[in-house]
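A.B. asks: In this note's numbering, the protein residues as written are 481 to 657. All residues carry an ideal CB built from backbone N, CA and C; glycine is no exception. Given the structure is predicted, the values throughout are model-derived calculations rather than measurements. Could you have a look at this structure, given as structure tokens, before my questions?
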Ligand SMILES: [Zn+2]
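Here it is in structure tokens:
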């Protein structure tokens with residue numbers, strides 16, 4: 481009886497702590513690594529389909545991270561949204577004949593908090609995907625403070641990782657030929 485009561489107390493006391501830790505971990509996972517200056521990009525090809533997702537602290541792209549408050553900040557955010565959705569922050573080989581078909585941009589300030597992440601997904605259909613042997617990221621010149629992009633890719637039956645920066649903005653892919 482005494483032992484059971486002790487266990488009850490332990491469980492009761494431990495539950496809120498465990499719940500809080502779990503919540504923290506889940507939140508962290510959801511946002512990915514939020515390090516200012518760094519962004520993550522995943523790229524996958526499947527037949528003629530090309531999918532690219534970029535996740536970045538808002539500060540990297542906008543120079544600020546709170547919800548746009550002034551007209552200037554609102555303008556900067558509008559401009560950045562247009563750029564991200566257009567896919568013009570990427571350069572794909574013309575010969576691969578990739579056409580942007582879908583784009584999805586998140587609402588960075590939906591969750592509140594001090595930090596915000598911008599997440600953009602692009603889906604292309606490439607008519608000559610075998611010629612998709614590189615992807616150049618031309619975001620470094622326009623972004624407010626983007627130092628490096630960590631890339632994970634799956635393409636042509638292979639996978640790999642790469643780090644891109646202003647000096648080395650080109651991701652090499654195996655292609656399929
Ligand atoms: Zn931040």
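Consult DSSP for residue 549 and reduce its assignment to one of helix, strand or coil.
C.D. replies: Residue state, collapsed to three classes: coil.
A.B. asks: For ligand 1, any of its heavy atoms closer than 6 Å to the Cβ of residue 518?
C.D. replies: Checking every heavy atom of ligand 1 against the Cβ of residue 518, none is found closer than 6 Å.
A.B. asks: Kindly indicate which three-state DSSP category residue 610 falls into: helix, strand or coil?
C.D. replies: Reduced to three states, the DSSP call for residue 610 is helix.
A.B. asks: Within 7 Å of any Cβ in chain C, is that where the Cβ of residue 525 sits?
C.D. replies: Among the chains in the structure shown there is no chain C, since it carries only a single protein chain.
A.B. asks: What residue range does the beta strand (DSSP E) around residue 641 cover?
C.D. replies: Looking at the DSSP string, the run of the beta strand (DSSP E) that includes residue 641 is 638-644.
A.B. asks: From residue 644 to residue 527, what does the alpha carbon distance come to, in whole angstroms?
C.D. replies: Taking the straight line from one Cα to the other gives about 25 Å.
A.B. asks: Helix, strand or coil for residue 563 per DSSP?
C.D. replies: If DSSP states are grouped into helix, strand and coil, residue 563 belongs with the helices.
A.B. asks: Short check: CB of residue 631 to CB of residue 651, under 7 Å?
C.D. replies: Yes, these two residues count as a Cβ contact at 7 Å.
A.B. asks: Under 6 Å from any heavy atom of ligand 1, does the C-beta of residue 721 make it?
C.D. replies: Given that the chain is displayed from residue 481 to residue 657, the structure contains no residue 721 and the question cannot be resolved.
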